[in-house]
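In UniProt numbering, the protein residues as written are 1 to 316.
Worksheet: one structure, shown below.
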Amino acid sequence: MAAGDPAFKLIGLHPVCAVLFTAGYSLREYGAHHYLYSETTKTPLMVFVFSQVFIYVCPPLLELANYHVLGRIFYYVPHCAPLPPSKVLTNFGGLMAVVELLNALGVALSSNPSSTPEKQALGSHLTLAALGIQLVLIVIFICLAALFHLRVAKAKIRSRNLKTMLSTLYASMCLIFVRCMYRLVEHTGSTKVDLDDMETLRGLSPILRYEVYFYVFEASLMLVNSLIWNVWHPGRFLPRGHHVYLTRDGVEVVGEKDVDARSLWAKMANILTFGIFFRRKRTVRGESAKLRDRSTSSVGRCEQSSSLLPAPIQAK
């Protein structure tokens with residue numbers, strides 16, 4: 001699937017996370033056989049720190065990918081959206097940028113056994129703050145999705161595609177929520193690492209000392225999350241563009257096409273800044289046209305004659 005494919009853009013963060021996960025677990029495997037720490041050789045320490053950072057930064061990105069899909073769902077049924085679809089990615093993308101910054105700094109400080117106790121404590125607090133923000137955003141996500149789901153039900157829009165996508169989003173966010181709770185419990189326990197004090201090492205939280213918890217509540221959950229998005233890829237269930245939407249009477253309409261005239265570098269910068277900068281300016285082409293009737297009274301997808309309809313005004 002090409003990077004310019006609209007279906008790829010829906011979950012483009014998943015391949016990025018796959019690369020980061022691969023790097024993180026590869027370094028973790030390398031560190032399992034090269035773990036002896038020495039003041040003269042910093043390689044084992046750097047391998048451990050980078051493996052932790054790569055693994056930690058992925059779940060917030062996967063959560064952001066879910067917000068992207070939710071925003072696309074809002075574009076598809078704009079009259080049921082609890083907030084403007086264009087604001088979903090930009091608003092929550094900015095918050096996720098804060099989470100990622102706190103994650104990277106917190107993990108780098110707390111996982112470094114050569115750091116001072118004060119720096120390790122600071123790193124743990126930063127990580128806890130990142131996890132707390134992430135949990136709040138998950139709750140907000142569920143509330144937005146549930147409110148949208150309720151409005152769709154009241155509007156009597158019976159779309160199997162919408163139901164499938166919302167169910168997949170709920171499942172994905174629940175997996176990320178459980179993972180965040182695991183990390184929260186991990187960092188609220190004893191996390192102080194002193195390589196010269198065996199008693200302190202023995203007093204570490206069991207979640208840190210036994211790797212089985214990591215594989216059950218981190219690795220397995222994130223693997224399942226990736227699997228469900230590969231099985232129920234949003235490109236199969238949602239339109240390829242923002243200009244295709246459902247009207248209040250259940251008719252699928254092709255509105256005025258919103259053309260992305262940005263350069264490739266501007267698009268990449270927009271992704272790297274979590275959608276805050278280099279945002280797309282609306283360039284309209286074409287006119288609106290009715291595609292098909294998806295109302296509850298129709299059976300199947302009966303084709304309708306073409307007619308011009310105005311596109312909904314969506315806040316940017």
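Backbone N, C-alpha and C fix where the C-beta goes; we use that ideal spot for every residue, glycine too.
Original post:
Which class does Y245 belong to by DSSP, given the choice of helix, strand or coil?
Top reply: strand
Original post:
Are at least three pairs of beta-carbons, each pair with one atom in the stretch 161 to 175 and one in the stretch 119 to 128, less than 8 Å apart?
Top reply: no
**OP:** Within the same chain, show all residues whose beta-carbon is closer than 6 Å to that of F92, passing over the 5 residues directly before and after it, in chain order.
**Re:** Y67
Original post:
When the Cβ atoms of the stretch 227 to 236 are set against those of the stretch 181 to 190, are three or more pairs found closer than 8 Å?
Top reply: no
Original post:
What is the DSSP secondary structure of E100, reduced to helix, strand or coil?
Top reply: helix
Subject >> Residue environment, V77, which counts as buried when at least 16 other CB atoms sit within 10 Å >> reply: buried
Subject >> Closest by C-alpha distance to H243, when choosing among I11, G31 and S86 >> reply: S86
Original post:
For E29, which residues of its own chain have a beta-carbon under 7 Å away from its beta-carbon, when the five flanking residues on both sides are left out?
Top reply: none
Original post:
With respect to the alpha helix (DSSP H) encompassing V47, which residues constitute its N-terminal and C-terminal limits?
Top reply: T43 to Y76
**OP:** Within the same chain, show all residues whose beta-carbon is closer than 8 Å to that of L131, passing over the 5 residues directly before and after it, in chain order.
**Re:** C180, R183, L184 and H187
**OP:** Buried or exposed for A81, please, with buried defined as at least 16 other CB atoms from any protein chain shown within 10 angstroms of its CB.
**Re:** buried
Original post:
Under the three-state reduction of DSSP, which class applies to E252: helix, strand or coil?
Top reply: strand
Original post:
Between which two residues does the alpha helix (DSSP H) containing L135 stretch?
Top reply: P117 to K154
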